[in-house]
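Asker: Counting the sequence shown from 1 gives a position; this note's numbering is that position plus 192.
The beta-carbon is built from N, C-alpha and C at its ideal position, and this holds for glycine as well.
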Amino acid sequence: MLNTAMKMQRRTAQNAIEPLFALSPAAPAFRLKQSDEAEVLRFLAIEPVQTVVMSSYIADNGIESDLNRGAFYGHRASDGSLDGVALIGHSTLVEARSEEAMTAFAVAAQNPEVPIHLIMSNGDDAQKFFDRMTNWVGTPRLQCVEDRFEAAFPFAVQSSEYAIRNADMSQLEAVAKAQAELAFIECGVDPTIRDREGFLKRVARRIEQGRIFSVFEGGKLIFKADIIAETNETIYLEGIYVDPKYRGKGIGSRCLAALTAHLLSRVPNICLLSNVDFTNAHRSYHKAGFRRTGQCVTLFV
């Protein structure tokens, strides 16, 4: 946490001397339509791990849908080809492959249709986006540097004494409570207080989609993991939870390894993100067969 604080102090100092000017991209970002889907998915497929969430949202909801909690934008290079795609809204996701695209998306985000809660992108792109969006005068509420972990075959299958099953609607309250605890630890906001009804609907939808996996013992939730996004190439896991009384016993790593082995029968790659400060969790991921492959920054606005 000290390193994160020092980075934020340096960023604040840099902000104080950055020149202020009105951004004016050569070509503005434009709202994507359903008719753009095939082209957008081809663009996103070039970096399947980095863009798995946007690709999955499009596959699940379509490009134009309130379920995306935001609007998809595109940007074209001078030759007419896409050089950027972004989802601007509650969870703002940016895949900009040119400085012009990054600037154009930042300008579009200055007046979002849905208020921005977080910004996520590969490497330090989230900070670049935020700086341009705020004309170098804003400071995010919270910055989280996250390690990316991935698993793929060859994968050492581990035995687990617990049967991991899809969660069902009778487990909604327990699963949602665990997810809310994780969200509060990560960003300091309890979604059950901020928007309980909307949060429960989103968790329920994920259960209905078969994307939450759980282990219960004696009626108590001891492990869970969620598929946040899935494409033909990648599954992105999040919300990995182990009941406090069961931590430090290797149960979490064995359950995660068993779930990962099962999911690798569906796609060739599994990925997840974890705050760099959560070193105990990282040891569990390594034991489960994951390897660290990169880093990204998530900004909470």
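(1) Check whether the Cβ atoms of residue 292 and residue 219 lie closer than 8 Å to each other.
(2) Leaving out five residues before and five after residue 360 in sequence, what residues of the same chain have Cβ atoms less than 8 Å from its Cβ?
(3) Identify the continuous alpha helix (DSSP H) that holds residue 312 and give its terminal residues.
(4) Starting from residue 448, trace the alpha helix (DSSP H) in both directions and tell me its first and last residue.
(5) If you count every other CB in all the chains shown that lies within 10 Å of the CB of residue 281, and 16 or more means buried, which is it?
(6) Could you say which of 221, 315, 480, 251 lies nearest to residue 269 if we only look at CA atoms?
(7) Between the Cα of residue 410 and the Cα atoms of 354, 448, 450, which residue gives the shortest distance?
(8) Secondary structure at residue 391, three-state DSSP: helix, strand or coil?
(9) Which full runs of the beta strand (DSSP E) of 3+ residues lie inside the segment 377–428, going along the chain?
(10) Use the C-beta contact count for residue 255: other C-beta atoms within 10 angstroms, 16 or more gives buried, fewer gives exposed.
(11) Could you name the residues of the same chain whose beta carbon sits closer than 6 Å to that of residue 392, not counting the 5 residues immediately before and after it, in chain order?
(12) Using a 10 Å radius around the Cβ and a threshold of 16 neighbouring Cβ atoms, would you call residue 385 buried or exposed?
(13) What is the residue span of the beta strand (DSSP E) that residue 241 lies within?
(14) Take residue 337 and list the residues in its own chain whose beta-carbon comes closer than 6 Å to its own, dropping the five residues that flank it on each side.
(15) Tell me which residues share the same chain as residue 278 and place their Cβ nearer than 6 Å to its Cβ, disregarding the 5 neighbours each side in the sequence.
(16) Let me confirm a value: residue 423 is counted as buried when at least 16 other C-beta atoms fall within 10 Å, else exposed. Which label applies?
(17) Does DSSP put residue 438 in a helix, a strand or coil?
(18) So, residue 455 versus residue 427, is the Cβ gap smaller than 8 Å?
(19) Is residue 301 helix, strand or coil when you go by DSSP?
(20) Roughly how many whole angstroms lie between the Cα atoms of residue 477 and residue 341?
(21) How about residue 343 and residue 452: do their beta carbons lie closer than 8 Å?
(22) Could you tell me which residues DSSP pairs with residue 492 in its beta bridges?
Answerer: Answer, in terms of the structure:
(1) What you label residue 292 is simply residue 100 of the sequence shown in a count that begins at 1. What you label residue 219 is simply residue 27 of the sequence shown in a count that begins at 1. Contact: yes.
(2) Counting from one through the sequence shown, the residue named residue 360 turns up at place 168. The residues are 399.
(3) Taking the first residue of the sequence shown as 1, we reach residue 312 at position 120. Careful: residue 312 lies outside any alpha helix (DSSP H), inside the beta strand (DSSP E) at 310–314.
(4) As a position in the sequence shown, residue 448 is number 256, starting the count at 1. Run containing residue 448: 443–455, per the alpha helix (DSSP H) assignment.
(5) As a first step, residue 281 is located in the sequence shown; it is residue number 89 there, counting from the start. Looking at its Cβ environment, which holds 16 or more other Cβ atoms inside 10 Å, residue 281 is buried.
(6) Within the sequence shown, the letter at position 77 stands for residue 269. Taking only the C-alpha atoms, the option nearest residue 269 is 221.
(7) Locating residue 410 in the sequence shown gives position 218, where the first residue counts as 1. Cα-wise, what sits closest to residue 410 is 354.
(8) Along the sequence shown, read from residue 1 onward, the residue named residue 391 stands at position 199. Residue state, collapsed to three classes: helix.
(9) 404–409, 412–422
(10) Taking the sequence shown and counting its residues from 1, the one referred to as residue 255 is at position 63. With 16 or more Cβ atoms within 10 Å of its Cβ, residue 255 is classed as buried.
(11) Mapped onto the sequence shown, residue 392 falls at position 200. 368, listed in sequence order.
(12) As a first step, residue 385 is located in the sequence shown; it is residue number 193 there, counting from the start. Flag for residue 385 reads exposed.
(13) Translated into the one-based positions of the sequence shown, residue 241 becomes position 49. That residue, residue 241, is in no beta strand (DSSP E); it is neither H nor E in DSSP.
(14) On the sequence shown, residue 337 is found 145 positions in, with the first residue counted as 1. Contacts found: 468, 489.
(15) Taking the sequence shown and counting its residues from 1, one reaches residue 278 at position 86. Within the same chain, residue 278 has close Cβ partners 265, 286, 297.
(16) In the sequence shown, residue 423 corresponds to position 231, counting from 1. Label assigned to residue 423: buried.
(17) Taking the sequence shown and counting its residues from 1, one reaches residue 438 at position 246. Residue state, collapsed to three classes: helix.
(18) What you label residue 455 is simply residue 263 of the sequence shown in a count that begins at 1. What you label residue 427 is simply residue 235 of the sequence shown in a count that begins at 1. Yes.
(19) Working through the sequence shown from its first residue, we reach residue 301 at position 109. Coil, per DSSP.
(20) Within the sequence shown, residue 477 is the residue found at index 285, counting from 1. Within the sequence shown, residue 341 is the residue found at index 149, counting from 1. Spanning the two alpha carbons is a distance of roughly 8 Å.
(21) One-based indexing of the sequence shown puts residue 343 at position 151. One-based indexing of the sequence shown puts residue 452 at position 260. Against a cut-off of 8 Å, the Cβ pair of residue 452 and residue 343 comes out as a contact.
(22) Counting from 1 along the sequence shown, the entry for residue 492 is found at position 300. Residue 492 pairs with 310, 334.
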